[in-house]
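Visitor:
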Amino acid sequence: MEETKYMKPLDALGDVLNKEVIVKTKNGLEISGTLRAFDMHVNIVLGNVRFKDKDPEGNIVEKRLEQIFIRGDMIVMVM
Amino acid sequence: MEETKYMKPLDALGDVLNKEVIVKTKNGLEISGTLRAFDMHVNIVLGNVRFKDKDPEGNIVEKRLEQIFIRGDMIVMVM
Amino acid sequence: MEETKYMKPLDALGDVLNKEVIVKTKNGLEISGTLRAFDMHVNIVLGNVRFKDKDPEGNIVEKRLEQIFIRGDMIVMVM
Amino acid sequence: MEETKYMKPLDALGDVLNKEVIVKTKNGLEISGTLRAFDMHVNIVLGNVRFKDKDPEGNIVEKRLEQIFIRGDMIVMVM
Amino acid sequence: MEETKYMKPLDALGDVLNKEVIVKTKNGLEISGTLRAFDMHVNIVLGNVRFKDKDPEGNIVEKRLEQIFIRGDMIVMVM
Amino acid sequence: MEETKYMKPLDALGDVLNKEVIVKTKNGLEISGTLRAFDMHVNIVLGNVRFKDKDPEGNIVEKRLEQIFIRGDMIVMVM
Amino acid sequence: MEETKYMKPLDALGDVLNKEVIVKTKNGLEISGTLRAFDMHVNIVLGNVRFKDKDPEGNIVEKRLEQIFIRGDMIVMVM
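Chains as they are written, first to last, in my numbering: chain A, 200 to 278; chain B, 200 to 278; chain C, 200 to 278; chain D, 200 to 278; chain E, 200 to 278; chain F, 200 to 278; chain G, 200 to 278.
#1: Cβ closer than 9 Å: which chain A residues qualify as neighbours of residue 238 (chain B)?
#2: With a cut-off of 8 Å, do at least 3 Cβ pairs link the stretch 261-275 of chain F to the stretch 222-239 of chain F?
#3: Return helix, strand or coil for residue 271 (chain G), following the three-state DSSP convention.
#4: What is the DSSP secondary structure of residue 212 (chain G), counted as helix, strand or coil?
#5: Out of C:239, C:234, C:278 and C:212, which has the shortest C-alpha to C-alpha gap to residue 265 (chain D)?
#6: Residue 221 (chain D) touches chain C at which residues, Cβ-Cβ below 9 Å?
#7: In chain D, which residues lie less than 7 Å from residue 278 (chain E) when you measure between Cβ atoms?
#8: Pick out whichever of E:268, E:214 and E:237 has its Cα sitting closest to the Cα of residue 248 (chain E).
#9: What residues from chain F crowd round residue 215 (chain G), counting only those whose CB sits closer than 9 Å?
#10: Run the CB neighbour count on residue 232 (chain G), radius 10 Å, all protein chains shown included, and call it buried at 16 or more, exposed below.
#11: Between the stretch 243-267 of chain C and chain B, which residues of the former have CB atoms less than 7 Å from a CB of the latter, in chain order?
#12: Please report the residue range of the beta strand (DSSP E) in which residue 245 (chain F) lies.
#13: Count the CB pairs spanning the stretch 204-219 of chain D and the stretch 251-261 of chain D that are closer than 8 Å, and state whether there are at least three.
#14: Assuming residue 229 (chain C) is part of the beta strand (DSSP E), what are its boundary residues?
#15: For residue 241 (chain G), I'd like the list of residues in its chain whose CB is within less than 7 Å of its CB, leaving aside the five on either flank, ordered along the chain.
#16: Where does residue 219 (chain G) sit, in a helix, a strand or coil, going by DSSP?
#17: Could you pull out every residue in the same chain whose Cβ sits closer than 6 Å to the Cβ of residue 244 (chain D), ignoring the five residues on either side in sequence?
#18: If we ignore side chains and look at the alpha-carbon of each, how far apart do residue 210 (chain A) and residue 238 (chain A) end up?
#19: Could you give the distance in angstroms between the alpha-carbon of residue 252 (chain C) and the alpha-carbon of residue 246 (chain D)?
#20: My guess is that residue 219 (chain C) and residue 250 (chain C) are in contact by the Cβ rule of under 8 Å, so how many angstroms apart are they, rounded?
#21: Within 8 Å of any Cβ in chain A, is that where the Cβ of residue 269 (chain B) sits?
#22: State yes or no: is the beta carbon of residue 212 (chain G) nearer than 8 Å to at least one beta carbon in chain A?
#23: Run through DSSP, which three-state label would residue 261 (chain B) get?
#24: Take residue 217 (chain F) and list the residues in its own chain whose beta-carbon comes closer than 8 Å to its own, dropping the five residues that flank it on each side.
#25: Taking the alpha-carbon positions, what's the residue 221 (chain C) to residue 221 (chain D) distance?
#26: Below 7 Å on C-beta distance, what does residue 274 (chain D) contact in chain E?
#27: Could you tell me the alpha carbon to alpha carbon distance between residue 263 (chain E) and residue 213 (chain E), rounded to whole angstroms?
#28: By Cβ distance, which residues of its chain are closer than 8 Å to residue 165 (chain E), with the 5 residues on each side in sequence left out?
#29: Leaving aside the five residues before and after residue 215 (chain F) along the sequence, list all residues of the same chain whose C-beta is less than 8 Å from its C-beta, in chain order.
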């Protein structure tokens, strides 16, 4: 009935596989990187990762990592 | 028994597919966009996205994005 | 053994289908409207919706909407 | 092996069906009423309901309702 | 391989059935009573119940109840 | 492919069965005792238990108990 | 269609088995160690563990442990 092809939400993640994304997490981080993998729980693996984090003294530090695994239930959104 | 046709809640989301919606999330955002996809977990994909967010300094900024994926368990309501 | 007919909780929601209800949500809203749909997860669709919400500046505003979808895990109670 | 008859927790709710109970909820309410229905998720329907609630201005008000549905995951205990 | 007999956690609850226990809950209560029933979700029924609670004015009051049902996901530990 | 034998996380708990462990819980306790039982939900039974707790007046008290059952979803880690 | 081989998120954890990782947990810890085991719930076992923790007086102390089990639902990310 819709003219556009019907899509499931996880298909939208498939469309940005190996592309640059920003992942917003429940603990307030915005993590930039290449989407390397995801599954139905929205567990996510990012490569070439950059994000701003707080060190134990509360200072904001820029982190760069080769790869991270983020647990699905921590994901707010993928932009 | 009811005169109106019986509807399941997810049918109501199907009725606004490819239409403009506002999604309220548990972290306090109101995200406007076109509903492009949803599933039984209420995972949602929006297109032509606009929402007000806070930058790391706490200032409110207007964000515009081509498309976002929102994890179902972050959804409060779809208006 | 009971003299009254045995009822399951979701039957009670069925009894107020297409009737006026107030839905209390975990984020502190009281949403009035016509119960248009519900399912076993207590996902709910309301029509002719009215509720008091806070705008980004923290002022309480009355909202009126044709229809909303509320995710089941946000529901506290249906009155 | 036990001298008393073995009982499952939900049987204890069955024993107070159509009797007066107080339901304590995770959002701090104590709701009095007649237990009209429950299920394995501990979704509960109460009749002849009385509870103390806060209005939007923060004043405590006594509420009386004919019937309410309480979502199981909001229940702390049934007394 | 172990010299002691292998036990599952719920067996330990079976061992104290009809005995005095203290149940610590996520909302900070310590509830004393006789363990009358439990299930795999750790839903619990206690009899001859005593616990300290706060009344609406914030005063600590000793409560005594014949029997309560506590929802499993509210349980921290059984002592 | 790995030179070390492949192990599942719960096997690591099996290795410390009947040994001394410290269990860190989500409500901030560190509970020492002998690991007597665990299951796939990480429900745990400890024997010869010692932990520091707060009494209703907020004073820290050392508690010693013969045995406790801890619900799995309260576990942070087993050390 | 992608030139890189398709990977599931848990495969990324398999790639760092027996390697050094940092695990960020929901209660704010960053735990360094050798990834010894994980499962589909992201339950994790680390060996040669180092992390900074607070003692009961609120002082930050460096902890070193031979091995710990971390419950999956406490994991934010594995770096």
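Ideal Cβ positions, reconstructed from N, Cα and C, are used throughout, including at glycine.
Guide: Let me lay it out:
#1: In the second sequence, residue 238 (chain B) corresponds to position 39, counting from 1. Per Cβ cutoff of 9 Å: 207, 208 and 209.
#2: In the pairwise beta carbon analysis, the stretch 261-275 of chain F is classified as touching the stretch 222-239 of chain F: at least three pairs are separated by under 8 Å.
#3: By 1-based counting over the seventh sequence, the position of residue 271 (chain G) is 72. Helix, per DSSP.
#4: Walking along the seventh sequence from the start, residue 212 (chain G) turns up at place 13. In the three-state DSSP reduction, residue 212 (chain G) falls in the helix class (H, G or I).
#5: As a working mapping, residue 265 (chain D) is identified with position 66 in the fourth sequence. Per the Cα distances, C:278.
#6: Reading the fourth sequence from its first residue, position 22 is the one you call residue 221 (chain D). Those within 9 Å of residue 221 (chain D) in chain C number zero; the least Cβ separation is about 15 Å.
#7: Counting from one through the fifth sequence, the residue named residue 278 (chain E) turns up at place 79. In chain D, no part has a C-beta under 7 Å from the C-beta of residue 278 (chain E); the shortest such distance is about 17 Å.
#8: The residue you call residue 248 (chain E) lines up with position 49 of the fifth sequence. Of the candidates E:268, E:214 and E:237, the one whose C-alpha sits nearest the C-alpha of residue 248 (chain E) is E:268.
#9: Here residue 215 (chain G) corresponds to residue number 16 of the seventh sequence, with the count starting at 1. By Cβ distance, chain F contributes nothing, its closest Cβ being about 11 Å from residue 215 (chain G), past 9 Å.
#10: To locate residue 232 (chain G), count along the seventh sequence from 1; it is residue 33. It counts as buried.
#11: 243, 244, 255, 264, 266 and 267
#12: Start at 1 with the first residue of the sixth sequence, and residue 245 (chain F) comes out as number 46. Start and end: 243-253.
#13: no
#14: For the purposes of this step, residue 229 (chain C) is identified with residue 30 of the third sequence, where counting begins at 1. First-last of the beta strand (DSSP E) with residue 229 (chain C): 229-237.
#15: The residue you call residue 241 (chain G) lines up with position 42 of the seventh sequence. Excluding sequence neighbours, residue 241 (chain G) sits near 271 and 274.
#16: Against the seventh sequence, residue 219 (chain G) aligns to sequence position 20. Reduced to three states, the DSSP call for residue 219 (chain G) is strand.
#17: Residue 244 (chain D) sits at position 45 when you count from the first residue of the fourth sequence. 235, 236 and 268, listed in sequence order.
#18: The residue labelled residue 210 (chain A) in the question sits at position 11 within the first sequence. The residue labelled residue 238 (chain A) in the question sits at position 39 within the first sequence. Spanning the two alpha carbons is a distance of roughly 11 Å.
#19: For the purposes of this step, residue 252 (chain C) is taken as the residue at position 53 of the third sequence. For the purposes of this step, residue 246 (chain D) is taken as the residue at position 47 of the fourth sequence. So the two alpha carbons sit approximately 29 Å from each other.
#20: Taking the first residue of the third sequence as position 1, residue 219 (chain C) is located at position 20. Taking the first residue of the third sequence as position 1, residue 250 (chain C) is located at position 51. Wrong, their Cβ atoms sit about 13 Å apart, outside the cutoff.
#21: Translated into positions along the second sequence, residue 269 (chain B) becomes position 70. For residue 269 (chain B), the answer is yes, since a Cβ of chain A falls inside 8 Å of its Cβ.
#22: Taking the seventh sequence and counting its residues from 1, one reaches residue 212 (chain G) at position 13. Yes, its Cβ sits closer than 8 Å to a Cβ of chain A.
#23: Within the second sequence, the letter at position 62 stands for residue 261 (chain B). Correct three-state label for residue 261 (chain B): strand.
#24: For the purposes of this step, residue 217 (chain F) is identified with residue 18 of the sixth sequence, where counting begins at 1. Hits under 8 Å: 233, 234 and 235.
#25: If you number the third sequence from 1, residue 221 (chain C) lands on position 22. If you number the fourth sequence from 1, residue 221 (chain D) lands on position 22. Residue 221 (chain C) and residue 221 (chain D): Cα-Cα distance of roughly 21 Å.
#26: On the fourth sequence, residue 274 (chain D) is found 75 positions in, with the first residue counted as 1. Residues of chain E passing the Cβ test: 270.
#27: Numbered from its first residue, the fifth sequence carries residue 263 (chain E) at position 64. Numbered from its first residue, the fifth sequence carries residue 213 (chain E) at position 14. Answer to the nearest angstrom: the Cα atoms are 24 Å apart.
#28: The structure shown has nothing for residue 165 (chain E), since chain E only spans 200 to 278.
#29: Position 16 of the sixth sequence, counting from 1, holds the residue named residue 215 (chain F). Counting only Cβ-Cβ distances below 8 Å, and skipping sequence neighbours, we find 234 and 277.
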